[in-house]
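Visitor: I'd like to ask you about the structure that follows.
In the working numbering, the protein residues as written are -7 to 277.
Spelled out as structure tokens, the structure:
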């Protein structure tokens, strides 16, 4: 390669972009790129591709042993394979001025790519493959982390709720109340309910058994009966029994510090009622 105005083969441009070209040829290529827009643009494209690959994942330095083996192999290849000098290309006649590129074709230097050239492309392919693998592994780890985080959040919320239920049942300040039929019933078993209520925290757990079935458009509603004179009953949740007559109301949204003198259960229309509809079918004693 001894002519500035001749294009450099794509394989040699790739070696130059990868910084694998011998110093003498690299100097010639550098000088050529100052005058050739086409080759300079091709090198810029290759370097841009390498930069894009480099940013797809965090790069890791190869082991020192691997670098040493590669350099030894390149040196050995140069000793064993001596290429004959390329024939001098035939150039079109020209004067002291630069040739008009629009009217004259420019011959291309052809040179056999040696082991170093193939090694350069192999390194580039290896970098691209390793970067893609690291990106894929990172994506999987991020997805697994998000899933585990969601599971931990759900378990934490369930644990916190279970702790609140236990506190509502065992807190020394909680009222333990049993509810039963307001009027005598002759047929066992009798419907009954049990409530644990902490007025300071506004926490209530209510469990009922042996409840009768309701019409489809009806529901049971639990009430907190305030101890304050003239206090209005506070709605504490809607519920329907299962096939065995069992039902519960756990931690309804109640105001705090409402002292209760008792609890009651009424039958209301679907959706509940702001005030109890008589009669009260279950009441605390």
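Heads up, the beta-carbon is just placed ideally off N, CA and C, and yes, glycines get one too. These numbers come from a predicted model, not from an experiment.
Under 9 Å between the Cβ atoms of residue 227 and residue 266?
Guide: Their beta carbons are under 9 Å apart, which means residue 227 touches residue 266 by this criterion.
Visitor: By DSSP, does residue 22 sit in helix, in strand, or in coil?
Guide: DSSP places residue 22 in helix when its eight states are reduced to three.
Visitor: Just to confirm, are residue 190 and residue 160 a CB contact at a threshold of 9 Å?
Guide: Closer than 9 Å, so yes.
Visitor: Less than 9 Å separating the beta-carbons of residue 185 and residue 255?
Guide: Contact flag set, yes.
Visitor: Would you tell me roughly how many angstroms separate the C-alpha atoms of residue 281 and residue 206, rounded to the nearest one?
Guide: Residue 281 is absent from the structure shown; the chain starts at -7 and stops at 277.
Visitor: Would you give the residue range spanned by the beta strand (DSSP E) that residue 6 belongs to?
Guide: Segment 2 to 9 is the alpha helix (DSSP H) holding residue 6; no beta strand (DSSP E) there.
Visitor: Cα separation between residue 192 and residue 246?
Guide: About 11 Å.
Visitor: Tell me residue 210's beta-bridge partners as DSSP assigns them.
Guide: Partner(s): 261.
Visitor: Using 8 Å as the Cβ pair cut-off and three pairs as the minimum, do the stretch -3 to 14 and the stretch 34 to 42 touch?
Guide: Result yes; three or more Cβ-Cβ pairs closer than 8 Å.
Visitor: Considering only the beta carbon of each residue, do residue 197 and residue 157 sit closer than 9 Å?
Guide: For residue 197 and residue 157, yes; Cβs fall inside 9 Å.
Visitor: Tell me, please, which residues DSSP counts as bridged to residue 186.
Guide: According to DSSP, residue 186 bridges with 170, 199.
Visitor: Please name the residue, chosen from 243, 242, 211, 149, that lies closest to residue 257 on a Cα-to-Cα basis.
Guide: Minimum Cα distance to residue 257 is reached at 211.
Visitor: Going by DSSP in three states, residue 222 sits in which element: helix, strand or coil?
Guide: Residue state, collapsed to three classes: coil.
Visitor: For the beta strand (DSSP E) holding residue 242, just list the boundary residues, first then last.
Guide: First-last of the beta strand (DSSP E) with residue 242: 239 to 242.
Visitor: So what's residue 273 in DSSP terms, helix, strand or just coil?
Guide: In this structure, residue 273 counts as strand in the three-state DSSP scheme.
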